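Q:
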Amino acid sequence: MLLFFAVVMGLPLLFLVAGSFNLSLPGKEAVYGLDNWLHAFSDRATMDALWMSFLLSVVRLVPAMMIAVVFSWLIARTDMPGGNAIEFFCWLAFFIPDFPLTLAWILLLDPNYGFLNMVARHLPFVDGPLFNPYSFWGIVWVHTSAGGIWFKVILLTPLFRRLGAAFEEAARVAGADTLAMLRRVTLPLLAPMILAVAVLSFIRGLQSFNTELLLGTPAGIYVYSTRIYDYIRREPASYGEATALGSIFIVVLGVLLLCYWRFLSGNRKFTAVTGQGYSVARVKLGKWRLVALAGCLFYITVMTALPLVFLIIGSFMRRYGFFNITSPFTLTHWQNLLSDPIFLVALENSLIIGAITTAGGILLYSTVAYLLVSRRAVVAPVLEGFCWLPHVLPGILLGLGILWLFLATPLRYFFYGTVWGIALALMLSDSPVTTQAFRAGFLQLGADLEEAARVTGASWWYTYRKILLPLLAPIAGAVGLMNFGGALTSISTPVLLYSHQSRPLAILLLEYSVTGELERGAALGLLITAIICLMMLAGRKLGLKLSGLQ
Amino acid sequence: MAPAVLEFRDVAKRFSTVNAVDGVSFSILPGEIFTLLGPSGCGKTTTLRLAAGLEEPDAGEISINGVIAAAPERGLFLSPEKRRLGMVFQSYAIWPHLTVFENVAFPLRVRRESSEMIRQRVSRALDVVGLGGLSERGATQLSGGQQQRVALARALVYEPALLLLDEPLSNLDAKLREQMRFELRGLQRKLELTILYVTHDQTEAITLSDRIAVVNRGRFEQVGAPEEVYEKPATSFVGHFLGRMITLEGTLKRTGGGAWVQLAGGARIAIALSELDSLRDGAAVRLSARPEDIAILPAAELGKNQIDGVVEQVDYLGDRFEYHVRAGGALLVLSAPKRDRYSSGAKIRLSLEPSCLSVRPR
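First to last, the protein sequences are chains A and B. Per the numbering used here, the very first residue in the first sequence carries number 1; after that it's consecutive. Per the numbering used here, the very first residue in the second sequence carries number 551; after that it's consecutive.
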C-alpha cells in the first residue's frame, strides 16, 4: 500500500525526467536523445531564468525574514497591545490569494494609470511615472506584501512563544537590557529555527509563478516557471526544452532539500528548547508599545489593506484610474462577470475540482497516515521524505510531469483536459501536508483510545466509525478547508492541464488579466478572495485549527 | 477446583531482538487479584496486552475460561473484541468526544442492548464507582480521579470475565492513589471480580494483591502471596525491588548442630538451617535482611546475634530517623522510631533475628 503510494507520487516525476530525453512530442512515438539538455544548457535564456529564480527568491527573503521576526517577537513575547488581533490578521492575510493581490498592485502602480503614480505626478521634481511594478523590484515588493511573509509569521510566532520567559528573565537578572537580551539570548537561541524557516521559505519561494507571470513577462524578466509556461504555450510548443529545464530544477531542488534535512537533523539539541513549565511573562516595552503597534498597523495598512481597497474600487470603475470622466463608477463589470456563461462554467468546474480534491484527499491520506502510524517501525524514513516531495515541487513542474504521464499513457482518455485530471494533480500536491496532519492526529490520539474500544468488544470497523472518525473530524475539516481553498486559487498546477471544458475560476482570472480586462479580473479576484476568507473564518468559528498545518 | 479465568502456558513475545515476554506460565483463579510487579520495560505490560489480545504471542498458549484465546503454533487467535474482557488503561483512554454516559455505554451499544437496559446498567456502574450525578458531563471536563472512575465503570459495565488494569493509579496524586487503592479492593470483594493488575509500585502490589508475580526481563522471578514475596524473596532482585535490603558479607561455618556466618569484623551470626540447602562449610556468602527487622540498641555487652557499630550520619525524616551505620564491615542504612535517639558518632549495637535473615552465595 505504502509502496503503491510512493509509486503514485513518483510517477509524474519519472515521466518528467524521461520526457526530458524524448525528442518527439508527447503522445508520439518516443525518440530518445540528449538534444533537449544540450539546448537547455546552451541557451542563455534558460540559464538566465534559473538564475533569476534564485536571485528573486534570495533578495526578497531578507526583508521578509526581518519583518516576520519582528512581527513574531512583538506578538509572542511583548506586551504590545492588540497582539492577538494582529496575530489573527496575519493568519487571515496568509489566506489572501496572491494573484488578486498582484492585480491590485498593478492597479496602484501601473506607469500609465496606476493611482499612486498619478498622485506622485503632482509632486514637484517628478515627471513621468515614479513607480514601475513591471521590474525586478516590483516583483520583490509585491511578494513582500503577499502570503509569504505571513507564512513566516505563522511559523515563527509559536517558536517565540515556546521559548518561554525563563531564558529572557535570566538574561535580565544577569544585567542585560532589552536589546542586549534580544541580541545575546533570544535570537541566538532561536537562530537555528529561524534559519530553518528561512530555508523553507526560500524553497517555497522558488515555486512562485503568478506574480512573475503578471509582472515579469511584460518586462522580459523570466523565472524558470514562467519560462516553462512560455515554452509550452508558444507555437509550436517546445515540450523538450521545457522538460529539460524542469529536470534541471528538480536536481537543484533535490540538493537544496537534502541540505535542509541535514541541517534540521543536525540541530536536534536546539529543537529541544521548549519551555518545561515556562512562565509566559512578557517583555515590557514601556512607551514603545504604542510605537510598535503603530508600526505593525502601518505595515498592514500599506501592504494589504491599501491594495485590497483599490482592488474593490477598481472593480467598480468604468475605466480604471480615470476618475475625471463623467460617471466613473459602474456596476457593469460585476454584471458582466456574473452573467458570463464562461464564468458560470468555470465556477462549476472549480467547485467540482475542489470537491473531488478535498474528499479524495481526506479519504486517501487519512488511510495512508493510519498505515504510517500503525506500522511505524516498518516505514523507512526515506519513504517518508519521498512523500514530502510534492510539497516543495513547484505546481508548474507537477503539471508538466502529469501532462507527460497523461499524454504518454492511456490515462489520457479519462484525465487529459478534464476536471478529473486537474483534481488528480492538485490532490498529489496536497499529499504531504494532508498526510502529516492526519499522522500527527493519529499519533496524538495514541493507540489507547482505539484499543480501549477493541477490548470492550467493538470490531475494527465499528471503532473506526464511532471513535477514530469523530475524533479526527476537526483535522479532516481543517485539512479539507485548506485543500479546497488551495484548489480554488491554484494557477500554476492546472495551467498546463486545463481545456475549455474544464477551465477553473483561477485560470479564468489569469485569462482576464493577460487579455487586459483588469476591471473584470479585479471583480473575479475579489470574489475568490472573499470566498476564501469567508471559508477560513467559518472554519475558525467551528473551532478548526487552520494554521500550523503548513 | 474451578477452572482458571486466565491461563498462560509458556507464552513468549519478541520485539525485534528483545524478549519482552520470555516463556511465562501462570493461571489466575476466580475472584483473585493477580499482580504483575516489576520495573518499567520488564514485560509486565506486554503480558497484560497479550491477555487482552492487543499483541499476538510468538509461542505458547493463552486461554480464557478454558477457551483458547491464542495459540500461534496452531494458528489460533481470538481478536480483542471477542474475549469479553474489561480493561483500564494507564492513560484511561476516555474518549474525549463522548459524554461520561456514552463512554460507559459504549460496550453495551456495541452489544446492541436495548436503550432501557443501557440506561439502567450505566447508571448502576456509575453509582458503583461513585460518579452518580456526572453522567452528562463531557469526558474532558473531568479530573484525573474522575476519569479513572469512568474508565473503571466502562470496564465493569458489561460484567467481563476478567478485568485488566494497567497501572491504573500511577497518574493520580499520592493521596488519591491511596484512596482509590482502598476503594478498588472493596469493589473487587463486593463484586467478586477477577483482576490482572500491572504496577511498578510495590506498596500498591503488596496491599492490593492476592498473589504477586515479580517480573524481570520478561521472566517471573517469583510468584506468591504478598507476605511470602516480601519476607522470603527468592532472588536478590525480588528482595531489592520490594523495598530496601541491607547486606553483610561473610563466610559460612557449619557444625553438626548449627550454622553461623562469620562476618568481616569477627562477629558470629547464627542462621536458620532451612536456608542452607546446598551451601558448604567455608562458602563465601551474603547475608541480607530488611532494614526494619534490625533493631538498634544502645552500646552494652553484646548478646546473641548482635554486632556493634558506629553511627556515621543521622537524617531526620519527620516521622522517623534514618541512621547510616558502620557495622560488620559495611555501611548500612537503617531507620528507627523517634523515641530512640542516637547522635552522630555514637556507639550502638545491632540485633539480627535469625528468622529474618536470608543467606545466598556470593
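Ideal placement from N, C-alpha and C gives every residue a C-beta, glycine not left out. Owing to the predicted nature of the structure, the values given are computational and were not obtained by experimental measurement.
(1) Assuming Met47 of chain A is part of the alpha helix (DSSP H), what are its boundary residues?
(2) Does Glu631 of chain B get closer than 8 Å to chain A when you measure Cβ to Cβ?
(3) Mind checking which residues open and close the alpha helix (DSSP H) that includes Ile362 of chain A?
(4) Since I believe Thr785 of chain B is in contact with Glu771 of chain B (beta carbons under 8 Å), could you give me their beta-carbon distance rounded to a whole number of angstroms?
(5) For Ile532 of chain A, does the three-state DSSP call read helix, strand or coil?
(6) Determine the chain B residues that contact Ser374 of chain A at a beta-carbon separation under 7 Å, and present them in chain order.
(7) Can you pull the chain D residues whose beta carbon is under 9 Å from the beta carbon of Leu471 of chain A, in chain order?
(8) Between which two residues does the beta strand (DSSP E) containing His874 of chain B stretch?
(9) Quick one: residues in its chain with C-beta nearer than 7 Å to the C-beta of Gly395 of chain A, no 5 flanking neighbours on either side, listed in chain order?
(10) Could you tell me which chain A residues have their CB closer than 8 Å to the CB of Ala619 of chain B, listed as they occur along the chain?
(11) Along chain B, in chain order, which residues have C-beta atoms closer than 7 Å to that of Tyr462 of chain A?
(12) Using a beta-carbon distance cut-off of less than 7 Å, what residues from the region 572 to 605 of chain B approach chain A?
(13) Exposed or buried, what is Arg183 of chain A when buried is set at 16 or more other beta-carbons lying within 10 Å of its beta-carbon?
(14) Can you tell me whether Pro307 of chain A is helix, strand or coil according to DSSP?
(15) Which residue marks the beginning of the beta strand (DSSP E) containing Lys563 of chain B, and which one marks its end?
(16) Roughly how many angstroms lie between the CA atoms of Ile352 of chain A and Tyr413 of chain A, to the nearest whole one?
(17) By the 10 Å Cβ neighbour count, where 16 or more other Cβ atoms means buried, how is Trp51 of chain A classified, buried or exposed?
(18) Would you call the CB atoms of Ala601 of chain B and Ala643 of chain B closer than 8 Å?
(19) Is Pro553 of chain B helix, strand or coil when you go by DSSP?
(20) Less than 8 Å between CB atoms is the rule here; does Ser641 of chain B satisfy it with respect to chain A?
(21) With 16 other CB atoms within 10 Å as the buried threshold, where does Ala377 of chain A fall?
(22) Straight-line CA distance for Leu852 of chain B to Val678 of chain B?
(23) How long is the line joining the alpha carbons of Asp98 of chain A and Ala447 of chain A, rounded to whole angstroms?
(24) Tell me whether the beta-carbon of Phe732 of chain B lies closer than 8 Å to the beta-carbon of Pro589 of chain B.
(25) Cα separation between Ala64 of chain A and Val58 of chain A?
(26) For the alpha helix (DSSP H) containing Asn112 of chain A, name the first residue and the last one.
(27) My output table needs one value for Glu733 of chain B: the three-state DSSP class, helix, strand or coil.
(28) Among residues of its own chain, excluding the 5 on either side of Ala896 of chain B, which ones have a beta-carbon nearer than 8 Å to its beta-carbon?
(29) What three-state label does DSSP hand Ala896 of chain B in the structure shown?
(30) Below 8 Å on C-beta distance, what does Pro607 of chain B contact in chain A?
(31) What residues of chain B sit near Ser145 of chain A, judged by a beta carbon separation below 7 Å?
(32) Taking the alpha-carbon positions, what's the Pro783 of chain B to Thr585 of chain B distance?
(33) List, in order along the chain, the chain B residues whose C-beta lies closer than 7 Å to that of Arg60 of chain A?
(34) Any idea what DSSP makes of Ala643 of chain B, helix, strand or coil?
(35) Report the partner residues of Phe584 of chain B according to the DSSP bridge assignment.
(36) Closest Cβ-Cβ distance between Ile467 of chain A and chain B: below 8 Å?
A: The short version:
(1) Element bounds for Met47 of chain A: Arg44 to Arg77.
(2) Closer than 8 Å to some Cβ of chain A, the Cβ of Glu631 of chain B qualifies, so yes.
(3) Pro341 to Ser374
(4) 5 Å
(5) helix
(6) Per Cβ cutoff of 7 Å: no residues; Ser374 of chain A is ~12 Å from chain B at best.
(7) In the displayed structure, chain D is absent; the protein chains listed are A and B.
(8) Phe871 to Ala877
(9) Gln207, Phe209, Ser429, Ser490, Ser492 and Thr493
(10) Those within 8 Å of Ala619 of chain B in chain A number zero; the least Cβ separation is about 13 Å.
(11) Val660
(12) Per Cβ criterion, the list reads Ala602 and Leu604.
(13) Note on Arg183 of chain A: under 16 other CB atoms within 10 angstroms of its CB, so exposed under the neighbour-count rule.
(14) helix
(15) Leu556 to Phe565
(16) 19 Å
(17) exposed
(18) no
(19) coil
(20) yes
(21) Only weak support exists for where Ala377 of chain A lies, its pLDDT of 45 falling under 50; the coordinates are left without a value.
(22) 58 Å
(23) Going by the C-alpha atoms only, they are around 41 Å apart.
(24) no
(25) 10 Å
(26) Counting along the chain, Asn112 of chain A falls outside any alpha helix (DSSP H), and DSSP gives it neither H nor E.
(27) helix
(28) Ala849, Val860 and Val861
(29) coil
(30) Residues of chain A passing the Cβ test: none, with the nearest at roughly 17 Å.
(31) Per Cβ cutoff of 7 Å: no residues; Ser145 of chain A is ~41 Å from chain B at best.
(32) 16 Å
(33) At a C-beta separation below 7 Å, Arg60 of chain A has no neighbours in chain B, since its nearest C-beta there lies roughly 43 Å away.
(34) coil
(35) B:Leu746 and B:Arg761
(36) yes
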